[in-house]
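Student:
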Amino acid sequence: MQHIVLTGDRPTGPLHLGHYFGSLANRVALQDTYPMYVLIADYQVITDRDRPGDIQRNVTGLLLDYLAVGLDPAKVTIFRHSAIPELNQLMLPFLSLVSVAELSRNPTVKDEITHSSQRAVNGLMFTYPVHQAADILFCKGTLVPVGRDQLPHVEMTRLVARRFNERYGEVFPEPEAMLSDGSLVKGLDGGKMSKSRGNAIPLSAGEDETAALIRKARTDSERLITFDEQARPEVANLLTLASLCLGRPPRELADEIGYGGAAALKRLVTDAVNDFLRPIRRRRRERTEEEVHAALAEGNRRARERAITTLDEVRAAMKF
Ligand code: TRP
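Per my numbering, the very first residue in the sequence shown carries number 72; after that it's consecutive.
1) Say the cut is 7 Å; is the CB of G84 nearer than that to a heavy atom of the ligand TRP?
2) Check each residue's C-beta against every heavy atom of the ligand FAD and list, in chain order, those closer than 7 Å.
3) Measuring straight from C-alpha to C-alpha, what distance separates Y327 and T341?
4) To the nearest whole angstrom, what separates the beta carbons of E247 and A232, a pair I think is in contact under 8 Å?
5) I think H152 touches A112, with their Cβ atoms under 8 Å apart; what is that distance to the nearest whole Å?
6) Consult DSSP for M249 and reduce its assignment to one of helix, strand or coil.
7) Determine the contact status of C210 and I75, defining contact as a CB-CB distance below 8 Å.
8) Mapping the DSSP letters down to three states, classify R289 as helix, strand or coil.
9) Give me the residue from R375, T297, E360 and E278 with the minimum Cα distance to R349.
10) Could you tell me which of K390, K257 and V201 sits nearest to L230, measuring between CA atoms?
11) Taking the C-alpha atoms as reference points, what is the distance between F391 and Q160?
12) Indicate whether L224 and T185 have their beta-carbon atoms separated by less than 8 Å.
13) Mind reading off the beta-carbon distance from A145 to R354? Whole number of angstroms is fine, and I expect it under 8 Å.
14) Does the CB of G79 have a neighbour CB from chain B at under 8 Å?
15) Is Y239 closer than 8 Å to M72 when the C-beta atoms are compared?
16) So, T118 versus Y199, is the Cβ gap smaller than 8 Å?
17) Going by DSSP, what residue range makes up the beta strand (DSSP E) through V225?
18) Looking at F347 and P321, is the spacing between their C-beta atoms short of 8 Å?
19) How close, in whole Å, do the beta carbons of L101 and A366 come, if the pair is a contact with beta carbons under 8 Å?
20) Of all the options A313, T104, D121 and S292, which has the alpha carbon lying nearest to the alpha carbon of S187?
21) What residue does the beta strand (DSSP E) around Y108 start on, and which one ends it?
22) Mind the definition here: the stretch 282 to 298 touches the stretch 362 to 380 only if three or more C-beta pairs lie below 8 Å; say whether that holds.
23) Got a sec? Which residues, its chain only, sit under 6 Å from V147 by beta carbon, not counting five neighbours each side?
24) Given a cut-off of 8 Å, decide if A204 and M227 are closer than it, judged by their beta-carbon atoms.
25) Please classify I149: does DSSP put it in a helix, a strand, or coil?
26) Less than 8 Å separating the beta-carbons of L77 and G212?
27) So, at 6 Å on beta carbons, what are the nonlocal neighbours of L95 in its own chain, with the 5 sequence-adjacent residues on each side left out?
Written out as structure tokens, the structure reads:
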């Protein structure tokens with residue numbers, strides 16, 4: 072099957088090791104097989120906050136992270152929402168295809184509302200999954216690599232595609248999700264690795280900063296290091312992290328540390344992470360802002376061309 076791959080991130084802060092092992096490594100592998108689009112979802116940033124924050128800095132940071140891990144702008148179209156008016160315009164007909172009840176049932180949206188505490192919920196919070204359908208359908212994407220929390224949005228996209236085709240004739244494919252295992256690496260406190268929880272190792276962190284983060288990681292007081300995900304989840308998570316960086320089984324690492332305790336474990340993890348990230352961090356430093364912005368400008372241009380064609384097709388199908 073000749074897939075078209077589309078995926079993306081909200082530019083809300085630096086990417087971390089959870090992103091790397093959960094999705095970035097997979098994207099780098101996919102870029103040689105399929106045409107791929109990677110979206111910097113800047114309009115999605117204002118779903119759960121009042122202001123976009125330092126959006127330009129976050130967009131530049133995201134671009135640097137992408138290029139540093141090995142996404143190749145010659146193969147991958149990297150673009151941002153706000154540069155593609157025709158993508159955004161698809162949201163209008165798409166909104167007419169879904170009911171308010173369907174919008175209110177989305178479990179990921181409900182979850183985000185629960186976590187956004189006292190803030191008044193804005194209209195974009197309920198409708199951004201339809202905007203995300205436009206993200207995926209503007210390029211007729213067929214394969215969407217995402218974490219489990221994004222499944223309701225892929226379902227919404229399938230619904231939009233199906234209803235559009237039923238009403239106006241066959242225009243869109245029904246894309247499928249490609250699930251990544253987001254739980255592979257957890258944060259340094261044992262919870263989900265997340266930039267907002269302060270338990271993440273950013274790809275762009277310095278080596279000393281990385282060491283300090285790992286030094287503070289939660290462990291237990293057992294001297295003998297063993298790999299036991301049930302009984303010792305924090306120790307197991309650190310071993311998993313080192314294992315992914317070193318390409319060696321976690322049990323073998325545990326045996327090697329033996330009675331060294333948490334201190335030896337953390338030393339090993341710190342070296343493994345810093346060694347692993349060194350070439351990525353070097354590539355990140357070598358890129359200039361001009362280079363990354365040139366890559367984005369070219370990606371925006373290609374994505375916009377694609378969006379114009381699709382919007383024309385949509386208008387023709389609707390007889391507008
Ligand atoms: N909602 C995704 C997130 O929060 C980001 C995103 C926006 C996305 N549009 C997309 C992911 C399209 C995949 C496909 O991480």
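Every residue gets a Cβ at the ideal spot worked out from N, C-alpha and C, and that includes glycine.
Tutor: From the atom records:
1) No, since every heavy atom of the ligand TRP falls outside the 7 Å radius drawn around the Cβ of G84.
2) Of the ligands this structure carries, namely the ligand TRP, none is the ligand FAD.
3) Looking at the sequence provided, one finds Glu at residue 327 rather than Tyr. Approximately 15 Å, taken between the alpha carbons.
4) About 11 Å; that fails the 8 Å criterion.
5) That pair is a contact at about 6 Å.
6) DSSP places M249 within a strand segment (E or B) once states are collapsed to three.
7) Yes, they are a contact pair.
8) R289 carries a coil assignment under DSSP once its states are collapsed to helix, strand and coil.
9) Nearest of R375, T297, E360 and E278 to R349, Cα basis: E278.
10) If we check each option's Cα against that of L230, V201 comes out closest.
11) If you take the alpha carbons of F391 and Q160, they lie about 14 Å apart.
12) In the sequence as presented, Leu is not what sits at residue 224; that position holds His. Not a contact, by the Cβ cut-off of 8 Å.
13) Contact check for A145 and R354: beta-carbon distance about 15 Å, past the 8 Å limit, so the pair fails to qualify.
14) In the displayed structure, chain B is absent; only one protein chain is listed.
15) In terms of Cβ geometry, M72 and Y239 do not form a close pair [threshold 8 Å].
16) Yes; because the gap between Cβ atoms is below 8 Å, this pair is in contact.
17) Careful: V225 lies outside any beta strand (DSSP E), inside the alpha helix (DSSP H) at L222 to Y239.
18) Not a contact, by the Cβ cut-off of 8 Å.
19) With 8 Å as the limit, L101 and A366 do not qualify as a contact, their Cβ atoms being about 18 Å apart.
20) If you compare the alpha carbons of A313, T104, D121 and S292 with that of S187, the shortest gap goes to D121.
21) Going by DSSP, Y108 is part of the beta strand (DSSP E) stretching over M107 to I111.
22) Because the criterion of three Cβ pairs below 8 Å is not met, the stretch 282 to 298 and the stretch 362 to 380 do not touch.
23) Result list for V147: Q102, M107 and V109, in chain order.
24) The answer is yes: Cβ separation under 8 Å.
25) Secondary structure at I149: strand, using DSSP grouped into helix, strand and coil.
26) Yes, Cβ-Cβ distance for L77 and G212 is below 8 Å.
27) So the qualifying residues of the chain are V140.
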